[in-house]
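**Q**
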Amino acid sequence: MRFKRPRGTQDIFGDRMDRWNIMEKRLIELAARFGYTEIRTPVFEVSDLFIRAVGEGSDIVSKEMYTFRDKKKRSLTLRPENTAPVMRAFLENGLHRRGGITRFFYIGPMFRYDRPQAGRFRQFHQFGVEALGSSNPGIDAEIIDLSLEVYKAFGFRGLEVRLNSVGCPKCRPSFIETLQSSLSGLGKELCDACSERAVTNPLRVFDCKDCDDVKKKLPVITDNLCDECMMHFKELQSLLTDMRISFVIDPLLVRGLDYYTKTAFEILHPGAGAQNALCGGGRYDGLAEDCGGPFIPAIGFSSGLERLLDNIPDDALDLSTGRKTDLFFAVPDQEFCAKAMNLASELRGAGFSIEVELSGRAMKKQLKTASESGACYTLILGNDEMEKDGVTIKDMETGGQVLVPFDEVVRYIKRGRKEKFE
RNA sequence: GUGGACAUAGCUCAGCUGGUAGAGCCCUGGAUUGUGGUUCCAGUUGUCGCGGGUUCGACUCCCGUUGUCCACCCCA
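When you number the first sequence by this note's numbering, it's gap-free, plus one each residue, and the end is 424.
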């Protein structure tokens, strides 16, 4: 074969497709239970949206975007994340004029030109939630609660909520300054990578795994918050405590996207390897203004669905309930296909699902396929049956079979419905 | 973008220090001339990822390339 799927992409079908469908259905139900409605935005946007929102210095923008030009030379980008597009849609459609809180969820593919690895793809899928229009810490708590419910719904245990506040434009710049000066005083105690980070993106030093000793000497953001951020942070903590949601304050948690303010959180799944962050989120009070809109405080999170699906405990997602077809139609003589298909549509009209075997293969194979399809009854239409104006109906559990006249087939199957299909 | 491992039949894999490929599953046919989920028999599996080099000869060694996996950067 000449063609292969592009690097970091995947074909989803069969059992895995079933699992995806079950997972998505459950996510949508859960979001609805919290009053979130779905929003679908384009998979590509004007490149500037991401450059402005996510931040020019971020890795996402500097090396991971799928950017291309269309025939009018406009620069477009396959969305690497969906918070900025949702905010763009919110503003563009004038939804902020409705007032109150707007709650959206989304589910769909995202694209990042990154090196594929366990739980990481170039086209991947995210489920995410955005609540726009409130700076109340209560909505932060709601979002964290919702994100945890997602994983509970799939049988996860032992999850850990990491919580931090990354400040706001009032307090973060001065913190970064003190951080930088304290970093420059450390000189060679820093690893090579961190020496660079100290200049380009000092907050990222907190992510370094080699510089643990150094980190203890650094100032901590939660000690340097302005009054407003501090109060927000404290209120959120007490709300979470009231809601019996346990969390770990992690002053080293910094998010890679520029738009985050105040609350930042992650949900960790210990034992998932390097890709143990199942979901990340936070508040982005400045994003609406960055996009040229009014001040709209907002918070959200997004969850990587491949990571979710691959980490679901084995016993938690039951696939055995989904019978594919009720009935199977074996047709040993292909000349009778038309008659079989007519009967099949009659049965479909009566609400049954039925698969018609049109390959003309040996009976043995047809029955084998019937067996694997999980059908309760197999209808057989060949020479013998045609001569008697009926079809053979075989009960796949008992193996017994009877000849049923054509005009009684639907009634016969319906009679069996009670025990077989309910 | 960096480092490491790997790449053989549709799938899972074997193939020792170079002599041009094998098993299981699947699939097809038969025992059962139209009857499955259990047997038994037989058969088809293939540019040994791609390109180049060394060699009388390369799946095997060397180089490059593409892809996969793992880790880093970063992130979901």
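A virtual CB, placed ideally from N, CA and C, is assigned to each residue, including glycine.
1. With distances taken between CB atoms, is the gap from Ser149 to Ser248 smaller than 8 angstroms?
2. Which one of Tyr262, Gln277 and Gly140 has the shortest CA to CA distance from Ile269?
3. Cutting at 7 angstroms between CB atoms, please list the residues of its own chain near Asp147, excluding the five before and the five after it.
4. Straight-line CA distance for Ser355 to Ala133?
5. Taking the alpha carbon of Gly135 as the reference point, which residue from Ile298, Val48 and Thr39 has its own alpha carbon closest?
6. Let me check one thing: in DSSP terms, what residues is His127 bridge-paired to?
7. DSSP three-state call for Thr400: helix, strand or coil?
8. In terms of alpha-carbon separation, which member of Gly59, Phe92 and Gln12 lies closest to Gly294?
9. Note the first and the last residue of the continuous alpha helix (DSSP H) segment covering Arg28.
10. Starting from Ile178 and walking both ways along the alpha helix (DSSP H), at which residues does that stretch end?
11. Around the Cβ of Ser240, are there at least 16 other Cβ atoms within 10 angstroms (buried) or fewer (exposed)?
12. Quickly, what does DSSP pair Gly306 with across the bridge? List them, please.
13. From the DSSP output, in three-state form, read off Gly10 for me.
14. Provide the residue span of the beta strand (DSSP E) that contains Leu165, from first to last.
15. Bridge partners for Gln239 per DSSP, in chain order?
16. Is Pro407 helix, strand or coil when you go by DSSP?
17. What residues in its chain sit with their C-beta under 6 angstroms from that of Arg285, if we drop five residues either side in the sequence?
18. When burial is assigned at 16 or more other CB atoms within 10 Å of the CB, is Val404 buried or exposed?
19. Could you check the C-alpha separation between Ala279 and Arg363 for me, to the nearest Å?
20. Quick one: what does DSSP say Tyr414 is sitting in, helix, strand or coil?
21. Please state whether DSSP places Leu192 in a helix, a strand or coil.
22. Rounded to whole angstroms, what is the Cα-Cα separation between Ile382 and Met398?
23. May I ask which residues mark the beginning and end of the alpha helix (DSSP H) holding Arg86?
24. Within its chain, find whatever has a CB closer than 8 angstroms to the CB of Leu349; leave out the 5 residues flanking it on each side and keep chain order.
25. Within its chain, find whatever has a CB closer than 6 angstroms to the CB of Leu165; leave out the 5 residues flanking it on each side and keep chain order.
26. What whole-angstrom Cβ distance do Thr371 and Glu387 have, given they're in contact under 8 angstroms?
27. So which of Gly121, Gly37 and Ala34 has the shortest CA-CA distance to Gln12?
28. Ala346 by DSSP, collapsed to three states: which one?
29. Which residues in the same chain have their Cβ closer than 7 angstroms to the Cβ of Pro139, if we skip the five residues on either side of it in sequence?
30. What residues match up with Ser77 in a beta bridge as DSSP calls it?
31. Mapping the DSSP letters down to three states, classify Gln336 as helix, strand or coil.
32. Can you say whether Asp287 is buried or exposed, counting buried as having 16 or more other CB atoms within 10 angstroms of its CB?
33. DSSP state of Gln119, grouped into three classes?
34. Quick one: what's Arg285 bridged to in DSSP?
**A** Based on what the coordinates show:
1. no
2. Gln277
3. Met245 and Ile247
4. 41 angstroms
5. Ile298
6. Pro111
7. coil
8. Phe92
9. Gly16 to Arg35
10. Arg174 to Ser186
11. exposed
12. Gln128
13. coil
14. Glu162 to Ser167
15. DSSP lists no partner for Gln239.
16. strand
17. Thr263, Lys264, Thr265 and Ile301
18. exposed
19. 50 angstroms
20. helix
21. coil
22. 12 angstroms
23. The sequence given here places Ala at residue 86; Arg does not occur at that position. Here the alpha helix (DSSP H) through Ala86 covers Thr85 to Glu94.
24. Leu329, Ile356, Val411, Val412 and Ile415
25. Phe249, Ile251 and Phe267
26. Between Glu387 and Thr371 the Cβ distance is about 19 angstroms, and since that is not below 8 angstroms, they are no contact.
27. Gly121
28. helix
29. His234, Glu237, Leu238 and Leu241
30. Arg71
31. helix
32. buried
33. strand
34. Thr263 and Ile301
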